[in-house]
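To start, the structure itself, in structure tokens.
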Amino acid sequence: MMGQANTFLAMILIGIMFEPKMKKSVLKDMGSVFVLRLVIACVFSFLIYHYLPGPLLHRQILSIIVFSPILSIAPIYTERCGYDRSAAAVLNSLMLPFSLIIMTILLIVLKLY
Numbered sequence: 541m542m543g544q545a546n547t548f549l550a551m552i553l554i555g556i557m558f559e560p561k562m563k564k565s566v567l568k569d570m571g572s573v574f575v576l577r578l579v580i581a582c583v584f585s586f587l588i589y590h591y592l593p594g595p596l597l598h599r600q601i602l603s604i605i606v607f608s609p610i611l612s613i614a615p616i617y618t619e620r621c622g623y624d625r626s627a628a629a630v631l632n633s634l635m636l637p638f639s640l641i642i643m644t645i646l647l648i649v650l651k652l653y
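Count along the sequence shown from 1, then add 540; that gives the number in my numbering.
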């Protein structure tokens, strides 16, 4: 019962922290984090798909999971590290649909639908 509230509370927290008005330096940092995350995900996906031992289906699923959305708890960790929490909330909100699109494309390309 208590665990069901976690998703709701995490989304409320992101909504509270969401402030799209930011300085250019923060936007530049967000862009570099966005690109870095995608590059790292592509590298790990490639390595998992081609070099991880195991059945093909397992490797395909793990390759897709690498592109899953950022954790909804990330803005809290970001704030505790001393960085702008609203930047993490905005980045989290932007990464969610982008990750879902990439994962859907990979499902179609790998014929796992």
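A virtual CB, placed ideally from N, CA and C, is assigned to each residue, including glycine.
- It is roughly 30 Å from the alpha-carbon of I642 to the alpha-carbon of G622.
- Just so you know, the alpha carbons of M562 and P595 end up roughly 46 Å apart.
- The C-beta separation of M635 from F548 comes to about 20 Å, leaving the pair out of contact by the 8 Å criterion.
- Counting only residues of its own chain and dropping the five nearest sequence neighbours on each side, A614 has a CB closer than 7 Å to the CB of A628 and N632.
- In the structure shown, the three-state DSSP call for V606 is coil.
- Around the beta carbon of I604, 16 or more other beta carbons sit within 10 angstroms, so the residue counts as buried.
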